[in-house]
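**Student:** Okay, handing you the structure first.
There are 2 protein chains.
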Amino acid sequence: MKDFRHQNRLYYSPVEFAMNYIGGTWKMPILVALREGPVRYGDLKKSISHITDKMLITQLRDLEEKNMVTRKAYAEKPPRVDYALTERAKQALSVIDALHAYGAFLMKEEEITL
Amino acid sequence: MKDFRHQNRLYYSPVEFAMNYIGGTWKMPILVALREGPVRYGDLKKSISHITDKMLITQLRDLEEKNMVTRKAYAEKPPRVDYALTERAKQALSVIDALHAYGAFLMKEEEITL
DNA sequence: CAGGATCCACGCTGATACTG
DNA sequence: CAGTATCAGCGTGGATCCTG
Numbered sequence: 001m002k003d004f005r006h007q008n009r010l011y012y013s014p015v016e017f018a019m020n021y022i023g024g025t026w027k028m029p030i031l032v033a034l035r036e037g038p039v040r041y042g043d044l045k046k047s048i049s050h051i052t053d054k055m056l057i058t059q060l061r062d063l064e065e066k067n068m069v070t071r072k073a074y075a076e077k078p079p080r081v082d083y084a085l086t087e088r089a090k091q092a093l094s095v096i097d098a099l100h101a102y103g104a105f106l107m108k109e110e111e112i113t114l
Numbered sequence: 001m002k003d004f005r006h007q008n009r010l011y012y013s014p015v016e017f018a019m020n021y022i023g024g025t026w027k028m029p030i031l032v033a034l035r036e037g038p039v040r041y042g043d044l045k046k047s048i049s050h051i052t053d054k055m056l057i058t059q060l061r062d063l064e065e066k067n068m069v070t071r072k073a074y075a076e077k078p079p080r081v082d083y084a085l086t087e088r089a090k091q092a093l094s095v096i097d098a099l100h101a102y103g104a105f106l107m108k109e110e111e112i113t114l
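Protein sequence lines correspond, in order, to chains A and B.
Be aware that the first sequence starts at 1, since it is given in the UniProt record's numbering, and climbs by one per residue.
Be aware that the second sequence starts at 1, since it is given in the UniProt record's numbering, and climbs by one per residue.
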């Protein structure tokens, strides 16, 4: 596979490129949390354990910039903001599911019990 | 998803666990390079562009320890060593393919041309 | 073919404080 | 409620250079 550049970063393969969109500790949990439809910031935070405001915000901003989520703010009080998946992000869900299944398979092999 | 520990490391999800086995810059390229069967060290290095001896060795050791590859040394001269995928690693290939496809999809959307 | 010695950047974390 | 701002620290992956 030939390597390529994007926004001045070098990638060795499409896999590496994909990981830029869904990799890291928090992006997949966020995408999964949004799978059923738009979710408010507060609910998002509640549904993703261990995440801090800081990480949630930075990851949401990053995902927005990558066109993986859309942000909608409503002029209400109290203020309401929700996030939703874009089409390209929805296509990532099956990949995440596959990764999840493979992880579960490995855990079983390693005899990890929850 | 409840979190869990393995070898004294904390994981938040099976996905994170899976990434420990196939994540990082080099593990997937290595696994893919071994997909058709055992490959010798030298050929492995030739087929994976940009990789250094250091990284190749470290990652192979790590994969061995995780039971993802097996190492076989032959008492010949010149010495010969080859590496092969284990069953659990073969099961990762479809996941890697899915990731690859998703990456290619994103690249197309971003209009990246090789 | 295998590795030691450095070194650095990056991703993530933690603490704390503040805002319309 | 839904963030913003900032400073510090840490572990790890990876790069570079060198050796046998």
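Idealized CB from N, CA, C, for every residue including glycine.
#1: In angstroms with no decimal places, state the Cα-to-Cα distance between Asn-20/B and Arg-88/B.
#2: Could you tell me the boundaries of the beta strand (DSSP E) in which Thr-70/A lies?
#3: For a contact meaning CB atoms closer than 8 Å, what does Ser-13/B contact in chain A?
#4: Looking at C-alpha atoms only, which residue of Asn-67/B, Asp-82/B, Met-68/B is the closest neighbour of Tyr-74/B?
#5: Can you tell me whether DSSP reads His-100/A as helix, strand or coil?
#6: For Arg-9/A and chain B, any beta-carbon pair shorter than 9 Å?
#7: Given a cut-off of 9 Å on the beta-carbon distance, is the pair Pro-14/B and Ala-92/A in contact?
#8: If we call anything under 9 Å between Cβ atoms a contact, is Leu-99/A one with Lys-2/B?
#9: Determine contact between the region 63-73 of chain A and the region 41-59 of chain B, defined as no fewer than three beta-carbon pairs at a distance below 8 Å.
#10: Considering only DSSP beta bridges, list what Arg-5/A is partnered with.
#11: Which same chain residues end up closer than 7 Å to Tyr-11/B when comparing Cβ atoms and leaving out the 5 residues on each side of it in sequence?
#12: When DSSP labels each residue in this structure, what does Leu-93/B get in the three-state scheme?
#13: If contact means a Cβ-Cβ distance below 9 Å, which residues of the region 67-96 of chain B contact chain A?
#14: If we ignore side chains and look at the alpha-carbon of each, how far apart do Leu-31/B and Leu-85/B end up?
#15: Buried or exposed: where does Ile-57/B fall if 16 or more other Cβ atoms within 10 Å of its Cβ makes it buried?
#16: Report all residues from its chain with a CB closer than 7 Å to the CB of Val-69/A; omit the five preceding and five following residues, and keep chain order.
#17: Chain A partners of Ser-49/B, CB-CB under 9 Å?
#18: Please name the residue in Ser-47/A, Ala-104/A, Tyr-41/A, Glu-109/A whose C-alpha comes closest to that of Pro-79/A.
#19: Please report how far the alpha carbon of Arg-71/B lies from the alpha carbon of Gly-37/B, in whole angstroms.
#20: So, under 8 Å CB-CB, His-6/A and Glu-110/B are touching, yes? Tell me the CB distance rounded to an integer number of Å.
#21: Ala-18/B touches chain A at which residues, Cβ-Cβ below 8 Å?
#22: Starting from the beta carbon of Glu-109/B, find every residue of chain A whose beta carbon is closer than 7 Å, and list them in chain order.
**Tutor:** Put simply:
#1: Within the second sequence, the letter at position 20 stands for residue 20/B. Within the second sequence, the letter at position 88 stands for residue 88/B. Whole-angstrom Cα-Cα distance: 14 Å.
#2: What you label residue 70/A is simply residue 70 of the first sequence in a count that begins at 1. Thr-70/A -> beta strand (DSSP E) spans 69-74.
#3: For the purposes of this step, residue 13/B is taken as the residue at position 13 of the second sequence. Within chain A, the residues near Ser-13/B are Met-28, Pro-29, His-100, Gly-103.
#4: Taking the first residue of the second sequence as position 1, residue 74/B is located at position 74. Cα-wise, what sits closest to Tyr-74/B is Asp-82/B.
#5: Within the first sequence, numbered from 1, the residue matching residue 100/A stands at position 100. Here His-100/A sits in helix by DSSP.
#6: The residue given as residue 9/A occupies position 9 in the first sequence. False, the Cβ-Cβ gap to chain B never drops below 9 Å.
#7: The residue you call residue 14/B lines up with position 14 of the second sequence. The residue you call residue 92/A lines up with position 92 of the first sequence. The answer is no: Cβ separation not under 9 Å.
#8: For the purposes of this step, residue 99/A is identified with residue 99 of the first sequence, where counting begins at 1. For the purposes of this step, residue 2/B is identified with residue 2 of the second sequence, where counting begins at 1. No; because the gap between Cβ atoms is not below 9 Å, this pair is not in contact.
#9: no
#10: Here residue 5/A refers to the residue found at position 5 when the first sequence is read from its first residue. Its beta-bridge partners are Leu-10/A.
#11: Here residue 11/B refers to the residue found at position 11 of the second sequence. Once the five neighbours on either side are set aside, the close Cβ partners of Tyr-11/B are Asp-3, Phe-4, Phe-17.
#12: As a working note, residue 93/B is residue 93 in the second sequence. Helix, per DSSP.
#13: Asn-67, Arg-88, Gln-91, Ala-92, Ser-94, Val-95, Ile-96
#14: Along the second sequence, read from residue 1 onward, the residue named residue 31/B stands at position 31. Along the second sequence, read from residue 1 onward, the residue named residue 85/B stands at position 85. Each residue's Cα considered, the two are about 7 Å apart.
#15: Position 57 of the second sequence, counted from the start, is the residue given in the question as residue 57/B. That one is exposed.
#16: Residue 69/A sits at position 69 when you count from the first residue of the first sequence. Closer than 7 Å at Cβ, skipping near neighbours: Leu-34, Leu-60, Leu-63, Tyr-83, Ala-84, Leu-85, Thr-86, Ala-89.
#17: Looking up residue 49/B in the second sequence gives position 49. Within chain A, the residues near Ser-49/B are Met-1, Lys-2, Asp-3, Tyr-12.
#18: Taking the first residue of the first sequence as 1, we reach residue 79/A at position 79. Among Ser-47/A, Ala-104/A, Tyr-41/A, Glu-109/A, the Cα nearest to that of Pro-79/A is on Tyr-41/A.
#19: Position 71 of the second sequence, counted from the start, is the residue given in the question as residue 71/B. Position 37 of the second sequence, counted from the start, is the residue given in the question as residue 37/B. When rounded, the distance between both Cα atoms is 12 Å.
#20: As a first step, residue 6/A must be located in the first sequence, where it is residue number 6. As a first step, residue 110/B must be located in the second sequence, where it is residue number 110. 7 Å between Cβ atoms; contact.
#21: Position 18 of the second sequence holds residue 18/B. Result: Leu-99, His-100, Tyr-102, Gly-103, Leu-106.
#22: Position 109 of the second sequence, counted from the start, is the residue given in the question as residue 109/B. Result: Arg-88.
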